[in-house]
Amino acid sequence: MNINYIRLVAHYERVLLRRNLIFTIFTLFIIGCTLSFHIYFHSEWNVPHPPVNIPAVIPFTNAYLFSILQALAVIFLAGDFINQHKKKSTNDVFLTRPASAGEYVIGKTLAIIEMILLIDLLVIILAMTIHLFASNFSFDFSHYLFYLLTLTFPAILFMTGLSLALKILIKNAWIASLILFIFWGASISVLPPVGHGILDFIASEIPNVFSSITGHPGIDVYLLQRSIFILFSGVLISVAITKLPHFSEHKGLSKGPVRALLLFVGGVVIASSIYSLHFKHNKDKRTEYSRLYRQVALMPKINTVEHEIIFKREKNRYEATSLMTIVNRTPRKTDTLLLYLNPALEVTELTLNGQKTPFQRKEQLILVDAAMEPRDSARMVVNYKGKIDPLVCYPDISNEEFFRTEKTEYILSLGRHFAFLGDKFTLLTPECLWYPTTIPTVNFDQPFNNQQDFTLFKLKVISAPQRTVISQGEMTLSGDTACFNNKYPLTGIILSEGDMARDTVKTSITRWEFYNKKGHYPLRGALNASDSGRIKGCEGFIHVYLEQSTCPFHKLACIETPRSFHSFSRPWTPLLDYIHPEIILMPEQEDKKPIDYPQLLKFYVEEHKQHWLTMQRLESIQITRNGTLFFPKAHRTFSLLVQEQNLFVNSTEFPVMNRVIQWLNTGLKYREKHPSEALSLKTKNDMEAIEYLTHKSLKEALEDPGTQEVLQDIIRLKSFQLQDHILLQTSWPDFNLFLDGFSRKYRFKEVSFDQFTGELNTNLGINILPLVENWFIEQGVPAFYIKDIKPVRTQINQQGKIFLNFKVWNRSRVAGVVSVEENLRGFRHIQGRLIHPDESIEIYYLLKDSVPPDKMERPLSYSFCLNTNYSRNLPENFGITSFGDIVPEVNPSDIQDIRPVDTLMFLAPTNEIIVDDTDPGFRIIQEELPFFQKLRKQPKKYNYISSNIPHRWTRAVENGAYGDILTTCFCKTGGAKSTVEWNAEIKEGGTYELFIYLCQLSASRGHQELTYDYTFDYNGKTERILLDLTNKNYKVRIYHTVKNEEERAIDYPLGWISLGKYTISPGNVKLTLHDKGLSAGQVLVVDAAKWVKRE
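Under the working numbering, read the sequence shown as residues 240 to 1334, first letter to last.
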């Protein structure tokens, strides 16, 4: 192969590319796209504080975007010469020279790669300019070089080879280009997760963003994947050489390209096999770990009451000694002592009460051949050394989820690490089993009864003096040893070590310790404030996120951790591994300079000054959110930390009771402080849980693997149901006081549910065990028909009294609770009533007692809310507010606490035919092609619309809508055309009055001024009806087919609106609304229609 020929071909190809208009257009397009992206997402001109601020973000996103965009250019440019041989061009010079096919293809390939790399260098220079002068990201040039060589170059080489090979093999250039475009689109959307990224030429979901603390999150796997595409590029280029038509008899095909092809194919096979076997081996190991957990799930467990750990690390290994005091708290003798330890750690010696004891090791299990009688205790010493195998973490998470590589921050794949052990940084949490424990991290038999082992820990870490060691407890230094002594038992202990700086803030509540890599700004500069400002900010965190409870810890250490540290969520606990007793693990941030918070506040004031709600919570939401102490992964679970890891209520019969009692405790406190907010329990996810519980029980939900996505919602709703039933027997303050006292009495302990129910019975005289037994296995959800809600007044014994009067019918097979919250002249109270299955009653709730008679007839301001709580009702509450109305008076003889009423009162009259938006006779027909109807995602069944009204028809939950159990309507904006039909069958002929129900969305401002265009089909004819709501001149205009036009004015258009009377014969009738498109700002709402027989 002649290098001069290759250089000559490359030279003339570069000349052609520079003259190519497509190349110029793509150059400008690529530069414009990447530059716009950096300005929008990374520059201080638009984003004062990006959520992920580490040096590698801009270099990676720059290389990633360029790799995607260059592929489009290569599709057009590479192989273009194949279809131009018939045209005279600069390439014609090679037809008279003895250049081989290999020299020709390689020359063309080099030219394309060189020109694309030239564009990339220009893009890199522009990105570095923004990086250095217009962003708050720290700069590291090595990241640009790394991504150029490992991400961009293999992507260019692969797409060039693929384009050449396809265009040579497929003679039709259009078909080849179409295939390439399809592959390009699939590489962005479909192929990345396939085979753990083995088909992803841009490595979009393979962890590839450097941490400023620990470096690359997975360099071995990443480089292996990139090598596969480099080798496969060689295969494609070799194929192109062997299949290229030869120009003369001197340009025959030698054996070199064939040998190269075989060599590259072999390399691809070997590299791909190593890559795939790596993941298969890891999956097999995790499967074995999970199998062993399940194998011993039912074995009796001992407890550890004291645990002293002596730890010494050397590079990525460590040696440790555990001195444990263990006790058998089970009611029976234990023949084998079971311990758990990371399988990569070797146990060198184990002694029990000073005697060497034989043991058997099965991966993470240590089976000690020793027996313990009930209540016996023993002293165990375990010596162990080795590394950490992260595959033992989260054994209950499926392999598919565990190994899923996905983007976690817009286009960034940050990786998933569960532990760190090395010179750069060490972080070991209980999840990775870095010390022996007698209780597993997950209970495979009863996950929601995952036992907590409250242990008094003591930790001694032998470390270099310049290293910062962090753990729970009070630290003392003795030479090269850091000692941590804990004053109270913990469920687990953390160890972190690194080159960290420390900042301390002491408040009246606790002591805050902030640990960041040296050179990083704690809380991104939020601590650059006065002493009083620092204290106020830290105390504010406690008040905001621990408002349901007090902080039991004497210190809170916030540790900066690599972005790749990950915690999976589990359905049986709200806590993530970012939160531990005394420890908050925060994501790393490396700002070039600390954030100027006063200036940032000014920025947001200007941006959001039109939105009072945003302004009201600006400081707490916008400023203290991303990457600071208040980052979302932390604050979601911090408020439950003091419940989850301070007390454990154990129950084998009701394995979810620990979680339920946590909900009872936090829910009561929240409802006491925010009664009106707490009454609104249901969300869109809750309705999925409600639908499940309509036919299933909580016991079945815990055993059903298909409920994992809604199990948290099921447990929360059932907890609120139990709470409502308990509060029928006692008051909120008394029950709240009992829960607080019980939590304090047994803080950092494990207690049985029998002990909880016993003390509740002793203190409040309530035996909830029969209630819980039925509640746990009960199938069904209450459903209430409620009507005629109104306040009334009367005088009894010369005292004015105000009542809330309403009728309710429980149309289910289970009992439910309705409750009332009222706010009358500043007095607030909540009371509940049990409604039995199929019970139909009228209720008078006493809202206000002892009102002076002379004030009864005065206008009265009031607001109250009738809530259906745990029920199928949607919305779940009915609210009435009045500012200065006179409450209607009734006779004292009419006032009764409760009295039965006929269920016929809740049903529609026999002379009415009603078609609601939930009935089969209602349908919406959208004018679009059937293909797009299938592709379009169907709207969710239940939607709370608070602000942005969808452009397409969407079912909305609305208090003012028509309905009994579900009060919903359909709404839309936008210009798409459609029709809405209400179909009914008239069985008895006569004169009918037609009504349409109009409601107003709370998300829309005022009543919409538009014209509803209806047609009414009956008796074989069609009549047009216009409901004109424009210019506040509300009227109905009917165009009869026989008589003249009829017009009638109407009042304010809400509720049932008459559309006229019609003589109808038996048969089918249809009312149709013609949606001809809406103007900007208009909202179309449709609900129910009815026909009322008049004569």
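C-beta: ideal position from N, C-alpha, C; glycine also.
For residue j and residue i, the rounded distance between their alpha carbons
| i | j | result |
| --- | --- | --- |
| T1250 | L1268 | 6 Å |
| S377 | N521 | 36 Å |
| D635 | E942 | 15 Å |
| A559 | N622 | 6 Å |
| N1258 | A1223 | 13 Å |
| Q947 | V895 | 14 Å |
| T389 | V296 | 16 Å |
| A1215 | R1263 | 22 Å |
| Q685 | I709 | 33 Å |
| F723 | Q711 | 7 Å |
| R1052 | P1030 | 30 Å |
| K1329 | I1119 | 26 Å |
| I278 | V291 | 15 Å |
| R1276 | N1198 | 29 Å |
| W751 | S1110 | 44 Å |
| H435 | N1106 | 49 Å |
| H370 | S282 | 8 Å |
| I1025 | G1071 | 15 Å |
| F992 | Q951 | 20 Å |
| G506 | K347 | 24 Å |
| F974 | C1104 | 23 Å |
| I245 | R253 | 12 Å |
Close Cβ partners of residue i (< 7 Å) along its chain, the five nearest in sequence each way excluded
| i | result |
| --- | --- |
| T391 | A302, F305, S306 and D359 |
| F987 | F693, Y727, P728 and N885 |
| M1144 | K1046 |
| P1139 | S1079 and I1080 |
| K775 | none |
| I1289 | Y1273, K1274, V1275 and I1296 |
| Y514 | I437, L463, Q464 and I467 |
| S1318 | none |
Contact set for residue i: own chain, Cβ-Cβ below 6 Å, skip 5 residues either direction
| i | result |
| --- | --- |
| Y674 | I548 and S561 |
| R1333 | T1230 and E1232 |
| A394 | S306, F440 and I441 |
| F995 | V888 |
| D574 | A610 |
Residue i, enclosing alpha helix (DSSP H) - first and last residue
| i | result |
| --- | --- |
| G737 | Here G737 belongs to no alpha helix (DSSP H); instead the beta strand (DSSP E) covers L734 to G737. |
| V1325 | No alpha helix (DSSP H) contains V1325, which is instead part of the beta strand (DSSP E) from L1323 to V1325. |
| D1267 | Per DSSP, D1267 belongs to no alpha helix (DSSP H); it is in the beta strand (DSSP E), K1260 to D1267. |
| K406 | F392 to L408 |
| Y386 | F380 to Y386 |
| H517 | K494 to Q534 |
Cβ-Cβ separation, residue j to residue i (assumed contact under 8 Å), whole Å
| i | j | result |
| --- | --- | --- |
| L256 | M354 | 5 Å |
| E989 | F887 | 5 Å |
| F1015 | L937 | 6 Å |
| K626 | R552 | With 8 Å as the limit, K626 and R552 do not qualify as a contact, their Cβ atoms being about 11 Å apart. |
| T1218 | L1312 | 7 Å |
| I270 | V362 | 6 Å |
| A796 | I818 | Not quite, the Cβ-Cβ distance comes to about 12 Å (not below 8 Å), so this is no contact. |
Continuous beta strand (DSSP E) stretch holding residue i: start and end
| i | result |
| --- | --- |
| F1309 | Looking at the sequence itself, residue 1309 is Lys, so the reference to Phe does not match. First-last of the beta strand (DSSP E) with K1309: G1306 to D1314. |
| D1252 | T1250 to Y1257 |
| S616 | S616 to G625 |
Sequence-distant residues of the same chain with beta carbon closer than 8 Å to residue i, five excluded per side
| i | result |
| --- | --- |
| E778 | T746, S747 and I748 |
| D615 | V566 and N567 |
| I469 | P393, L396 and F397 |
C-beta neighbour in chain C for residue i, strict 7 Å
| i | result |
| --- | --- |
| C1210 | Absent here is chain C; the protein component of the structure consists of one chain. |
Would you check if the region 708 to 725 and the region 566 to 581 touch, i.e. whether three or more CB-CB distances between them fall below 8 Å? no
Decide yes or no for the touch test of the region 1318 to 1326 against the region 1196 to 1214: beta carbon pairs closer than 8 Å, at least 3 of them. yes
Can you find at least 3 beta carbon pairs, one from the region 801 to 810 and one from the region 627 to 646, that sit closer than 8 Å? yes
Decide yes or no for the touch test of the region 650 to 660 against the region 430 to 449: beta carbon pairs closer than 8 Å, at least 3 of them. yes
Is the region 469 to 479 touching the region 337 to 348, taking contact as three or more C-beta pairs under 8 Å? yes
Would you check if there are 3 or more beta carbon pairs closer than 8 Å linking the region 687 to 705 to the region 533 to 549? yes
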